[in-house]
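**Student:** One structure, pasted below without further comment.
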Amino acid sequence: MTSLDPSPRLRELLAGPGPVLVLTGAGVSAESGLATFRGPEGLWEGRDPRELATPEAFAADPLTVWRFYDWRRRSAAAARPNPGHLALAALEAGRAGGLSLVTQNVDGLHERAGSRDVVRLHGSLWLLRCTADGRESEDLRAALAPLPPRCECGAMLRPGVVWFGEPLPADALARAERAARDCSLALVAGTSSVVYPAAALPRIAREHGAHVVEINPEPTPLSPHVDERLAGPAGEVLPRLVRAIGLELPA
Ligand code: BJW
């Protein structure tokens, strides 16, 4: 057995009828060519994206923050879902007990891979929010010009994402926490497990008796607290899991 093979317990839970939670992070989109937040590849023009993902950064310099998000939108529009995204869509469609897919990602690649019910904890690159009245609208254009974009009311628009210090969408967080409490298996893929409250979900799942599996080539603060680690790229491990329970993947 290699470290990428699922244990018999994981296979049994995945094939069985019990509820499954999947929590994804930026690493799941890495094989689509999108940069992660942390680590040497996670820098943008010499700046740490975490310093750009705050309301304070936007208030101080909206143009710089908008240039970052415009770049992110262009990168995401040019990217394609990878086998990891496709495997999760196949799991949702083909698994008897369904799947609660909870993502921290804002790139829309799960939806583009065919996942129908995605719980988005940190919003979406494709939502714009009016800074005057908070109303959100979808805008799928890859590039926005001129920057910063403006609402028809004249106020500046901001990206419809969740920055540090901001609350997560209450309905999405409630759904994610319920799924964590109810699941018999939790798969945690491509996240550094340092950003809360998302990072608390695997712990909630384990406290409620779930088998928790981490899929990540690198160890994280969660690693000592999981039942199983599959130390490989999500685009390789997730399709293996899907095939292990006899489901087909699109070619
Ligand atoms: C691969 C791979 C491959 C690579 N396959 N894997 C409790 C304790 C301490 C602090 C807090 C706490 N509760 C709240 C906080 C504060 C804060 C926080 O967590 N801070 C910590 C960092 C210390 N949290 C918040 O502020 C949150 N808000 C909040 O709690 O509000 C409370 C409130 C209530 C009421 C009123 C007001 C407030 C909000 C957090 C928002 C996070 N936002 C961002 C930006 C989103 C928009 C955007 O995308 O630009 O979300 S920051 C960034 O981090 C982004 C990500 O979703 C998030 C997580 O990152 P992720 O996905 O884990 O990516 P990486 O890069 O960190 O990791 C990638 C991993 O992939 C690595 O491990 C690689 O090894 C791996 N990998 N290739 C598999 N092929």
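The opening position of the sequence shown corresponds to residue 34 in this note's numbering, with each subsequent residue numbered one higher. Where is the CB? At the ideal position from N, CA and C, for every residue including glycine. Here the structure is a predicted model, which means the values were calculated and not measured.
Below 8 Å on the Cβ atoms is my guess for R128 versus V53; work out the distance and round it to an integer in Å.
**Tutor:** That pair is a contact at about 7 Å.
**Student:** Can you tell me which residues form a DSSP beta bridge with V151?
**Tutor:** DSSP lists L134 as partners of V151.
**Student:** Considering only their Cβ atoms, is the gap separating L124 from V270 smaller than 9 Å?
**Tutor:** no
**Student:** Short of 7 Å in beta carbon distance, which residues of its chain neighbour M34, apart from the five on each side in sequence? Order them along the chain.
**Tutor:** Its pLDDT being 40, under 50, M34 is placed unreliably by the model, and nothing is read from it.
**Student:** According to DSSP, is G127 helix, strand or coil?
**Tutor:** helix
**Student:** Is it buried or exposed, R153, if we count other Cβ atoms within 10 angstroms and call 16 or more buried?
**Tutor:** buried
**Student:** Short of 6 Å in beta carbon distance, which residues of its chain neighbour A277, apart from the five on each side in sequence? Order them along the chain.
**Tutor:** P39 and R44
**Student:** Nearest-angstrom Cα distance between P272 and H118?
**Tutor:** 9 Å
**Student:** With a floor of 3 residues, list each beta strand (DSSP E) that falls wholly inside the stretch 181-249, ordered by position along the chain.
**Tutor:** 190-194, 218-222 and 244-248
**Student:** If you reduce the DSSP assignment to three classes, tell me which class M34 lands in.
**Tutor:** Model confidence at M34 stands at a pLDDT of 40, short of 50, so the residue's coordinates are unreliable; what they give is reported in the following sentence. It is coil, neither helix nor strand.
**Student:** By DSSP, does S40 sit in helix, in strand, or in coil?
**Tutor:** Coil.
**Student:** Just the Cα atoms here: how many angstroms apart are A146 and A122?
**Tutor:** 6 Å
**Student:** At the 9 Å Cβ level, is G79 part of the contact set with chain C, yes or no?
**Tutor:** The structure shown contains no chain C, having only a single protein chain.
**Student:** Which whole-angstrom value describes the C-beta separation of L180 and D103, a residue pair presumed to lie in contact below a C-beta threshold of 8 Å?
**Tutor:** That belief holds up - the Cβ atoms of L180 and D103 are roughly 6 Å apart, short of 8 Å.
**Student:** Examine ligand 1 and report whether any of its heavy atoms sits within less than 8 Å of the Cβ of W99.
**Tutor:** no
**Student:** Decide if L85 is buried, meaning its Cβ has at least 16 other Cβ atoms within 10 Å, or exposed.
**Tutor:** A buried status is given to L85, since no fewer than 16 other beta-carbon atoms sit within 10 Å of its beta-carbon.
**Student:** To the nearest whole angstrom, what separates the beta carbons of S65 and A112, a pair I think is in contact under 8 Å?
**Tutor:** 4 Å
**Student:** Ignore the nearest five residues each way along the sequence and tell me which others in I237's own chain have a CB closer than 8 Å to its CB.
**Tutor:** So the qualifying residues of the chain are E210, A213 and R214.
**Student:** My parser needs the alpha helix (DSSP H) runs of 4 or more residues fully inside the stretch 58-94; what are they?
**Tutor:** Restricted to the stretch 58-94, the alpha helix (DSSP H) segments that are unbroken, complete and at least 4 residues in length are 82-85 and 88-93, listed in chain order.
**Student:** Please name the residue or residues paired with S13 in a DSSP beta bridge.
**Tutor:** Absent from the structure is residue 13, since the part of the chain shown begins at 34 and ends at 284.
**Student:** So, with DSSP's three-state summary, where would you put V139?
**Tutor:** coil
**Student:** When DSSP labels each residue in this structure, what does L280 get in the three-state scheme?
**Tutor:** coil
**Student:** So who's on the other strand from V53, going by DSSP bridges?
**Tutor:** L218
**Student:** Tell me the residue span of the beta strand (DSSP E) that contains R262.
**Tutor:** E261 to L263
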